[in-house]
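Undergrad: The following block contains the structure, expressed as structure tokens.
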Amino acid sequence: MAEICCGVVSESDTSSNPCEQSSRAARRRRMEIRRYKFVSGVASPPENAEKRKKVEACTTSVSRDLDNALECSGSSDEEKVVASLKIAAKCRPSTSSNIPEAFSEFPKYGLASVCGRRRDMEDAVSIHPSFCRRSRETDGKLHYFGVYDGHGCSHVATRCRERLHELVRDEVESMEEWRTAMERSFVRMDKEVVAWSEGGGGVSHCRCELQTPESDAVGSTAVVAVVTPDKIVVANCGDSRAVLCRNGKAFPLSVDHKPDRPDELKRIEEAGGRVIYWDGPRVLGVLAMSRAIGDNYLKPYVSCEPEVTITDRTAEDECLILASDGLWDVVSNDTACGVARMCLRGKRLAAAEAETDGSSSSDRACSDASMLLTKLALARHSTDNVSVVVVNLRRNTCP
Amino acid sequence: MASRDREQSKCCFKEWMELQEQDLSELLQALKLDPQNKDQLKHLAEKGICHFQDYINKRTQLARRDVSAFFAPTWCTSWENSLLWIAGCRPSLFFRLVYVLGGSKMESKLSEFLQDTREGSLGEVLTCSQLVVVNSLQSKTIREEERLTGELAALQEDIADQPIAMIAKGLSQLGEMNREVEEALDEHGQAMVRILEEADQLRLNTVKELVNILTPLQAVDFLVASKKLHLCVHKWGRNRDQKLGRENLED
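Chains A and B are the protein sequences, given in the same order.
Heads up: the first sequence runs through residues 1 to 399, numbered per the UniProt record's numbering.
Heads up: the second sequence runs through residues 1 to 251, numbered per the UniProt record's numbering.
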């Protein structure tokens, strides 16, 4: 689907019908290999100490890694799992009732990441609220959201999850210009994974065990959003996607890097590479995307340079959705926004148990939204890993 | 003697298929008459799992005498046999079934949800927390499945190694049976029984855990779908075999 859409994606969403109808064909064309991992979290500012205690009590033994987190919730006990959904939250008390400030400290987000119909999980997600502060923007913190969809093996996506936010922080703190900062961090990330896998990478538990030549044919997409008090900065490399839901409409903040995108095709051919249709358009007949972190053997045709968009936040912004192609292959931007905003508007699911205090209901809504989108992708027979992050951008959702 | 074992193994399978048909009609009856009766649904789901456990126990006993019969059962159709993973279905297949069952209900409700006409209706499919736990169980199950697959591979490779390959090489008369041969084959067979037991246990545990995660209604729905599928695969396979003129050993 994404292959077909990429030429069309522009200001607004692509029309949803061709996307959704051609998904089956697109899935057949796609051949990437994946591995499992599950991360989920909701950062929330607990409104009172008692609640904070409750959350902490439930989750003390639970790590950010939902693989572990969920093993301890093998029952169908809803409450327990709800608690585990909050595990990633760094629960800090908030005394502020100032709303923009509350967001700047505690973004409301939810995420879901499932193996789905694949046997390997190669998606990775990383979320770092308040991950850095720029000197000239003293009144607001920056939040980091990243989705990485690995191919060949899981280790590049895993490395991105562990490292890319640190590199972005380094660059952002020392650089005024967003675009350059993002580009430089992606290049550094790419160099690191290449050096890391060439050097054996230390201990690796991934499928390829970092053996060359296999480990050379491993890479990952990266879609990163840095949310500041007044901007959304998105850097994208590959076919994961960021979509802004503004006033009920979907605005893609990234354009998928597909080998048949006219400008990408031109870039590849000018670099001496070729796009060969082998089960869909592929760089050198191998990789079904034109940019990625890693994939050393396909350089320079496959580039790690991200495309960066900087969007001013408005009062009409509802949410930001970051997801891997496991979602976008079967759910259009419009549908995804529709589902997310319904969840955020408080029309919560019947099964989403009533929660009395409003402070966390919004985080809960983000979680519901990301989960619901994931379920929709599975329902529409997505054959890939599915990872979805939903960030609430409303400035007036706090009580 | 040996043919009596095989006859018993075949009976064991036939009884299991008949029992599944009975269980299936009971489950369907319950869904039709009293789908709100959680206790009854729960009871029926547990009963179905007990029957599965009984079958596994029985066939383990039989496998100890003749394990290879279960890896390539003459009482199954060739299509069924082409789908076997360690003498049964892949445990990871249960997750596909859970996803497809949940998915079939979701699409019809999506537009209502988006139009806000029936608030909360999407909650009837797999809940968020269920998905989280199912995903985690799926990862665990696939890891185990891969481990057993690797063990089976090793056992199959063992045939071309000490002692079996060298015994074969040393025989002056092709296919000759002697004590050394019998012992080597028996020992290999015992390892195959162990892997069969582990695979059966993984299948059973996966169903058990899934049924625990699902609500009683979802669980019964899941069991109905899996039993129907199993019975259909058997009957479709037989139909195909007959059409292709393959002798049907079961009848």
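Note that the Cβ used here is the ideal one computed from N, Cα and C, for glycine as well.
Candidates 144(A), 142(A) and 159(A): which alpha carbon is nearest residue 150(A)'s?
TA: As a first step, residue 150(A) must be located in the first sequence, where it is residue number 150. Of the candidates 144(A), 142(A) and 159(A), the one whose C-alpha sits nearest the C-alpha of residue 150(A) is 159(A).
Undergrad: By the 10 Å Cβ neighbour count, where 16 or more other Cβ atoms means buried, how is residue 238(B) classified, buried or exposed?
TA: The count along the second sequence starts at 1 and reaches residue 238(B) at position 238. So residue 238(B) counts as buried.
Undergrad: Distance cutoff 9 Å, beta carbons only. Does residue 119(A) sit that close to anything in chain B?
TA: Position 119 of the first sequence, counted from the first residue, corresponds to residue 119(A). Yes, residue 119(A) lies at the interface with chain B (some Cβ there is under 9 Å from its Cβ).
Undergrad: Determine the closest residue to residue 107(A) out of 289(A), 227(A), 343(A) and 308(A), with distance taken between C-alpha atoms.
TA: Here residue 107(A) is taken as the residue at index 107 of the first sequence, counted from 1. It is 227(A).
Undergrad: Please state whether the Cβ-Cβ distance between residue 384(A) and residue 161(A) is less than 9 Å.
TA: Working through the first sequence from its first residue, we reach residue 384(A) at position 384. Working through the first sequence from its first residue, we reach residue 161(A) at position 161. No; because the gap between Cβ atoms is not below 9 Å, this pair is not in contact.
Undergrad: Cα separation between residue 203(B) and residue 317(A)?
TA: Taking the second sequence and counting its residues from 1, the one referred to as residue 203(B) is at position 203. Taking the first sequence and counting its residues from 1, the one referred to as residue 317(A) is at position 317. So the alpha carbons of these two residues sit roughly 48 Å apart.
Undergrad: Kindly indicate which three-state DSSP category residue 263(A) falls into: helix, strand or coil?
TA: Locating residue 263(A) in the first sequence gives position 263, where the first residue counts as 1. Three-state DSSP puts residue 263(A) in a helix.
Undergrad: Hey, out of 234(A), 110(A), 229(A) and 116(A), whose CA is closest to residue 168(A)'s CA?
TA: As a working note, residue 168(A) is residue 168 in the first sequence. For the residues 234(A), 110(A), 229(A) and 116(A), the minimum Cα distance to residue 168(A) belongs to 234(A).
Undergrad: Using 9 Å as the limit for Cβ to Cβ distance, is residue 40(B) near chain A?
TA: Along the second sequence, read from residue 1 onward, the residue named residue 40(B) stands at position 40. No, residue 40(B) does not count as interfacial toward chain A.
Undergrad: Using CA atoms only, rank isn't needed, just tell me which of 210(A), 245(A), 308(A) and 155(A) is closest to residue 121(A).
TA: Taking the first sequence and counting its residues from 1, one reaches residue 121(A) at position 121. If we check each option's Cα against that of residue 121(A), 155(A) comes out closest.
Undergrad: Suppose you measure from the CA of residue 25(B) to the CA of residue 182(B); what does that come to, to the nearest Å?
TA: In the second sequence, counting from the first residue as 1, residue 25(B) sits at position 25. In the second sequence, counting from the first residue as 1, residue 182(B) sits at position 182. C-alpha separation (whole angstroms): 46 Å.
Undergrad: When we look at the beta-carbon of residue 300(A) and count the other beta-carbons within 10 Å, is it buried (16 or more) or exposed?
TA: Position 300 of the first sequence, counted from the first residue, corresponds to residue 300(A). Classification of residue 300(A): exposed, given that the 10 Å Cβ count is below 16.
Undergrad: Please report the straight-line C-alpha distance between residue 273(A) and residue 232(A), rounded to a whole angstrom.
TA: Against the first sequence, residue 273(A) aligns to sequence position 273. Against the first sequence, residue 232(A) aligns to sequence position 232. Spanning the two alpha carbons is a distance of roughly 34 Å.
Undergrad: Listed in chain order, which residues of the stretch 127-156 of chain B have Cβ atoms closer than 9 Å to some Cβ of chain A?
TA: Correct list: 127, 128, 129, 130, 131, 132, 133, 134, 135, 136, 137, 138, 139, 140, 142, 143, 145 and 146.
Undergrad: When the Cα atoms are used, what is the spatial distance from residue 129(A) to residue 41(B)?
TA: Numbered from 1 along the first sequence, position 129 holds the residue referred to as residue 129(A). Numbered from 1 along the second sequence, position 41 holds the residue referred to as residue 41(B). The straight-line gap from Cα to Cα measures roughly 45 Å.
Undergrad: For chain B, check one thing: does any of its Cβ atoms lie closer than 9 Å to the Cβ of residue 44(A)?
TA: Against the first sequence, residue 44(A) aligns to sequence position 44. Only weak support exists for where residue 44(A) lies, its pLDDT of 40 falling under 50; the value from the coordinates is given anyway. For residue 44(A), the answer is no, since every Cβ of chain B falls outside 9 Å of its Cβ.
Undergrad: Under 8 Å between beta-carbons, which chain B residues line up against residue 338(A)? List them in chain order, please.
TA: To locate residue 338(A), count along the first sequence from 1; it is residue 338. Within 8 Å Cβ-Cβ: 114.
Undergrad: For residue 274(A), which three-state DSSP category applies?
TA: Here residue 274(A) refers to the residue found at position 274 of the first sequence. Looking at residue 274(A) - three-state DSSP - the assignment turns out to be coil, as it is neither helix nor strand.
Undergrad: For residue 156(B), which residues in the same chain have their Cβ closer than 6 Å to its Cβ, ignoring the five residues on either side in sequence?
TA: Residue 156(B) sits at position 156 when you count from the first residue of the second sequence. None.
Undergrad: Is the stretch 372-389 of chain A touching the stretch 328-346 of chain A, taking contact as three or more C-beta pairs under 8 Å?
TA: They touch, by the three-pair rule.
Undergrad: Is it right to say residue 262(A) is buried, meaning 16 or more other beta carbons lie within 10 angstroms of its own, or is it exposed?
TA: For this step, residue 262(A) is matched to residue 262 along the first sequence. Residue 262(A) is exposed by the Cβ-count criterion.
Undergrad: Can you tell me whether DSSP reads residue 315(A) as helix, strand or coil?
TA: For the purposes of this step, residue 315(A) is taken as the residue at position 315 of the first sequence. Coil at residue 315(A), not helix or strand.
Undergrad: Just tell me which of 342(A), 266(A), 199(A) and 166(A) has its CA closest to the CA of residue 211(A).
TA: In the first sequence, residue 211(A) corresponds to position 211, counting from 1. It is 199(A) whose Cα lies nearest to the Cα of residue 211(A).
Undergrad: Going by beta carbon distance, what residues of the same chain come within less than 7 Å of residue 16(B), once the five residues before and after it are set aside?
TA: As a first step, residue 16(B) is located in the second sequence; it is residue number 16 there, counting from the start. So the list reads 55, once near-sequence residues are dropped.
Undergrad: Check for me: the alpha helix (DSSP H) holding residue 254(A) runs from which residue to which?
TA: For the purposes of this step, residue 254(A) is taken as residue 254 along the first sequence, with counting starting at 1. Taken as a continuous stretch (DSSP letters only), residue 254(A) belongs to no alpha helix (DSSP H), as it is neither H nor E.
Undergrad: Let me know the secondary structure DSSP gives residue 307(A) once reduced to three states.
TA: Within the first sequence, the letter at position 307 stands for residue 307(A). Strand, per DSSP.
Undergrad: Residue 127(A) and residue 245(A) - do their beta-carbons sit closer together than 9 Å?
TA: Translated into the one-based positions of the first sequence, residue 245(A) becomes position 245. Translated into the one-based positions of the first sequence, residue 127(A) becomes position 127. In this structure, residue 127(A) does not lie closer than 9 Å to residue 245(A) by Cβ.
Undergrad: Helix, strand or coil for residue 195(B), going by three-state DSSP, please let me know.
TA: Numbered from 1 along the second sequence, position 195 holds the residue referred to as residue 195(B). Residue 195(B): helix per DSSP, three-state reduction.
Undergrad: Looking only at C-alpha atoms, which of 65(B), 36(B) and 14(B) sits nearest to residue 5(B)?
TA: As a position in the second sequence, residue 5(B) is number 5, starting the count at 1. The shortest C-alpha separation from residue 5(B) is found at 65(B).
Undergrad: Which bits of chain B does residue 115(A) rub up against, with CB to CB less than 7 Å?
TA: Numbered from 1 along the first sequence, position 115 holds the residue referred to as residue 115(A). Those within 7 Å of residue 115(A) in chain B are 135, 138 and 139.
Undergrad: Return the bridge partner residues of residue 128(A) from the DSSP annotation.
TA: For the purposes of this step, residue 128(A) is taken as the residue at position 128 of the first sequence. DSSP lists 144(A) as partners of residue 128(A).
Undergrad: Applying a beta-carbon distance threshold of less than 7 Å, which residues of chain A neighbour residue 183(B)?
TA: Taking the first residue of the second sequence as position 1, residue 183(B) is located at position 183. The premise fails here: residue 183(B) is roughly 37 Å from chain A at the closest Cβ pair, so nothing lies under 7 Å.
Undergrad: Straight-line CA distance for residue 125(B) to residue 247(A)?
TA: Taking the second sequence and counting its residues from 1, the one referred to as residue 125(B) is at position 125. Taking the first sequence and counting its residues from 1, the one referred to as residue 247(A) is at position 247. For residue 125(B) and residue 247(A), the distance between alpha carbons rounds to 28 Å.
Undergrad: Rounded to the nearest angstrom, what separates residue 100(B) and residue 265(A) at their Cα positions?
TA: For the purposes of this step, residue 100(B) is identified with residue 100 of the second sequence, where counting begins at 1. For the purposes of this step, residue 265(A) is identified with residue 265 of the first sequence, where counting begins at 1. Cα to Cα, the separation comes out at about 37 Å.
Undergrad: Quick check: what's the CA-CA separation for residue 23(B) versus residue 252(A)?
TA: Position 23 of the second sequence holds residue 23(B). Position 252 of the first sequence holds residue 252(A). Answer to the nearest angstrom: the Cα atoms are 51 Å apart.
Undergrad: Within 9 Å (strictly less), CB to CB, does residue 122(B) reach chain A?
TA: Residue 122(B) sits at position 122 when you count from the first residue of the second sequence. Since pLDDT at residue 122(B) reaches only 47, below the 50 mark, its modelled position is unreliable, and the value read off the structure follows with that caveat. Yes - at least one Cβ of chain A is within 9 Å of the one on residue 122(B).
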